[in-house]
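Reviewing the structure listed below.
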Amino acid sequence: MASAYCERLAREHYENFPVASRLLPRRMRPHVAAIYAFARIADDIADEGQRPASERLRDLQQWRERLHEAARGVSTDQEPHSRVFVALGRTIAECRLPISLLDDLLSAFAQDVTVTRYATWADVLDYCRRSANPVGRLVLRVAGCEDPSMDNASDAVCTALQLTNFWQDFDVDWRKGRLYVPADVWHAAGAREADLDARRLTPEWRAALEEMSRRTRALFTEGRSVCDGVGGRLRWELRATWLGGARILDKLDASGFDVFSSRPTLSAADAPWILWHALAWRTSVLGSGH
């Protein structure tokens with residue numbers, strides 16, 4: 012069954028943040044899983060670094076063509092991953108999803124193939140606008156929410172989550188030749204790329220990452236209201252997602268951004284912390300590493 016395949020894929024790739032988890036309303040789970048499976052596989056295509064860039068871009072273009080066929084209701088039995096498009100086509104139709112949001116995701120994945128450096132903070136935010144923000148808006152549409160203020164709050168949280176993943180994966184991305192800290196920030200801190208080649212976290216690089224953390228926290232705070240703008244189980248899902256991102260950022264701060272020594276992740280030991288802060292949501296004040 013197409014939906015079951017997508018849900019299984021979502022569960023297998025879960026790490027930091029709930030994806031189609033049991034916190035979601037049951038009716039939303041297959042739709043969110045279909046969106047996730049579509050994006051996850053496209054991201055994997057872009058990230059197959061051993062293959063020539065031209066081949067990966069070609070495959071992403073074919074992925075886009077299959078997306079548009081699914082959106083038109085054209086039945087596809089093309090393997091691999093035909094079940095993803097069966098499920099996604101159903102989700103697009105039933106939830107009336109804007110195809111432009113899914114196109115934006117593919118635009119960001121294609122950019123990952125060819126772009127490895129960012130000159131300015133605005134450039135990084137533009138990438139996040141296409142790589143992360145569409146996911147939040149799609150989840151809101153699946154929930155039946157179409158509200159500009161909610162979209163804006165969701166955008167802030169999704170950008171913060173994407174940025175947190177960048178800082179969490181700093182070493183992983185560097186070994187792939189990618190650097191998401193914008194040049195205007197690390198230049199201002201006096202940092203040098205040569206130090207990263209030697210896997211040295213200098214005071215200058217630590218200062219640059221601390222500045223990135225500060226800006227990321229500000230976005231978490233800016234978008235926090237999206238977690239209160241929905242009700243029921245979705246509210247708990249969004250709170251858990253928000254708190255998961257904040258927890259990773261706390262761990263990075265606590266480690267002094269020693270990104271070459273360890274990669275912070277969420278574990279079962281973090282569940283009580285997330286549960287407590289989800290329950291104490293309105294009185295909980297986060298953002299200082301506590």
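Count along the sequence shown starting at 1, add 11, and that's the number in our numbering.
Just so you know, even glycine gets a beta-carbon here, dropped at the ideal spot from N, CA and C.
All values derive from a computational prediction rather than experimental measurement.
Quiz item: With a CB to CB cut of under 8 Å and the five nearest residues on each side skipped, what residues in its chain are close to I110?
Solution: L78, H79, A82 and I103, listed in sequence order.
Quiz item: Quick one: is S224 buried, meaning 16 or more other Cβ sit within 10 Å of its Cβ, or exposed?
Solution: S224 comes out buried.
Self-check item: Proximity winner among A205, V183, C139 and L149, relative to L174 (alpha-carbon distances)
Solution: If we check each option's Cα against that of L174, C139 comes out closest.
Quiz item: Can you tell me the Cα-Cα spacing of A205 and S142, whole angstroms?
Solution: The alpha-carbon atoms of A205 and S142 are separated by roughly 28 Å.
Quiz prompt | Assigned secondary structure, K262 (DSSP; H/G/I helix, E/B strand, else coil) | solution = Helix at K262.
Quiz item: What separation, rounded to the nearest whole angstrom, lies between the Cα atoms of E115 and P145?
Solution: According to the sequence as given, residue 115 is Asp; it is not Glu. Using only the alpha carbons, I get a separation of about 7 Å.
Exercise. Could you tell me the distance, in whole angstroms, from the CA atom of A31 to the CA atom of P41?
Key: In this predicted model, A31 has a pLDDT of only 44, less than 50, meaning its place in the structure is not dependable; the value taken from the coordinates is given anyway. In a straight line, the C-alpha of A31 is about 7 Å away from that of P41.
Practice problem: Specify, as a first and last residue, the run of the alpha helix (DSSP H) that D281 falls within. | Solution: In the DSSP annotation of this structure, D281 is not part of any alpha helix (DSSP H), being labelled neither H nor E.
Practice problem: Indicate the three-state DSSP secondary structure (helix, strand or coil) for E157 in the structure shown. | Solution: Assigned with DSSP and collapsed to three states, E157 falls in coil, not helix or strand.
Practice problem: Excluding the 5 residues preceding and the 5 following F28 in the sequence, name in chain order all residues of the same chain whose CB lies nearer than 6 Å to its CB. | Solution: For F28, the pLDDT reaches just 47, beneath the cut-off of 50, and the residue's location in the model is therefore unreliable, although a value from the coordinates is still provided. So the list reads T252 and G255, once near-sequence residues are dropped.
Quiz item: Just the Cα atoms here: how many angstroms apart are L274 and V85?
Solution: According to the sequence shown, residue 274 is Arg rather than Leu. Approximately 43 Å between the Cα atoms of the pair.
Practice problem: State the Cα-Cα distance for the pair P159 and G240, rounded to the nearest angstrom. | Solution: The alpha-carbon atoms of P159 and G240 are separated by roughly 12 Å.
Quiz item: With a CB to CB cut of under 7 Å and the five nearest residues on each side skipped, what residues in its chain are close to F271?
Solution: Taken in chain order, the residues that qualify are D182, R210 and L212.
Quiz item: Whose C-beta lies closer than 6 Å to the C-beta of M39 among residues of the same chain, with five residues either side of it excluded?
Solution: For M39, same chain residues with a beta-carbon under 6 Å away, outside a window of 5 residues either side, are V153 in chain order.
Quiz prompt | Rounded C-alpha distance that separates A194 from R101 | solution = Distance between the alpha carbons of A194 and R101 is about 42 Å.
Exercise. Please say whether I285 and Q179 have beta carbons closer to each other than 8 Å?
Key: Contact: no.
Exercise. Report buried or exposed for G300, applying the criterion of at least 16 other Cβ atoms within 10 angstroms of its Cβ.
Key: Low local confidence applies: a pLDDT of 45 at G300 is under 50, so the model's placement there is unreliable, and no value is given.
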